[in-house]
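Structure record follows, encoded as structure tokens.
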Amino acid sequence: MRRLLAGLLLAVVGIWEARTLRVLDVGKWLRGTVETLRGAPPPRSAGMGFYFDPAYSDFLDEVARRTPVHATIAMLVPERPDAYRFQAVYRLAPRRVVDAERLAEARWVAAWGSERDRLAGGVPVGGGRLLAR
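Reading the sequence shown from the start, the letters are residues 14 to 146 in my numbering.
Here it is as structure tokens:
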């Protein structure tokens, strides 16, 4: 009887979870699994740190590549979630990262997402813009 109830409960949970699956997510997961089995390292953006915007990881990598390690960078990013700013500070270290209120202190300005339209000039960088001043 216990096995029957456990099997029934498992079936109900399985059906419930299957309703929430999206085909694109399953395909992405399968491709990632195949690449991992082939020995390829997972992309850095696959980590939970960029759950809110996976492409933001590539943008930060490109900003880091194009700016000196002693630079001060003003980040123009969406206010919500706060993870945009936190990830920039973490990923761009040892560079100093400031927000838009301290723009005058920065030699570099990086803009992402809805904020990139606020930045006149600069060069396109990984879905955002980067300006040296």
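For each residue, glycine too, the CB sits at the ideal point set by N, CA and C.
Arg78: member of the alpha helix (DSSP H) spanning Ala68 to Arg79, first to last residue. Judged by DSSP secondary structure, Arg142 falls within the beta strand (DSSP E) whose first and last residues are Gly141 to Ala145. Rounded to the nearest whole angstrom, the C-alpha separation of Arg108 and Arg15 is 59 Å. Here DSSP, grouped into helix, strand and coil, assigns Val136 to strand. For Leu105, the enclosing alpha helix (DSSP H) covers residues Ala96 to Leu105. Sorting Ala24, Tyr64, Leu89 and Ala96 by C-alpha distance to the C-alpha of Leu143 places Leu89 at the top.
In this chain, the beta strand (DSSP E) harbouring Met88 covers Thr85 to Leu89. DSSP links Arg109 through a beta bridge to Thr85.
Of the other Cβ atoms in all chains shown, fewer than 16 fall within 10 Å of the Cβ of Gly20; this residue is therefore exposed. Between the stretch 97-111 and the stretch 42-51, the count of C-beta pairs closer than 8 Å stays below three; the two stretches do not touch.
In the DSSP assignment, Trp125 falls outside any beta strand (DSSP E) and carries neither an H nor an E. Just measuring C-alpha positions, the residue of Leu22, Glu48, Leu73 and Thr49 sitting nearest Ala124 is Leu73.
Here Val76 is not near Leu116, since their CB atoms are 9 Å or more apart. Burial check for Val110: the Cβ neighbour count within 10 Å reaches 16 or more, so the residue is buried.
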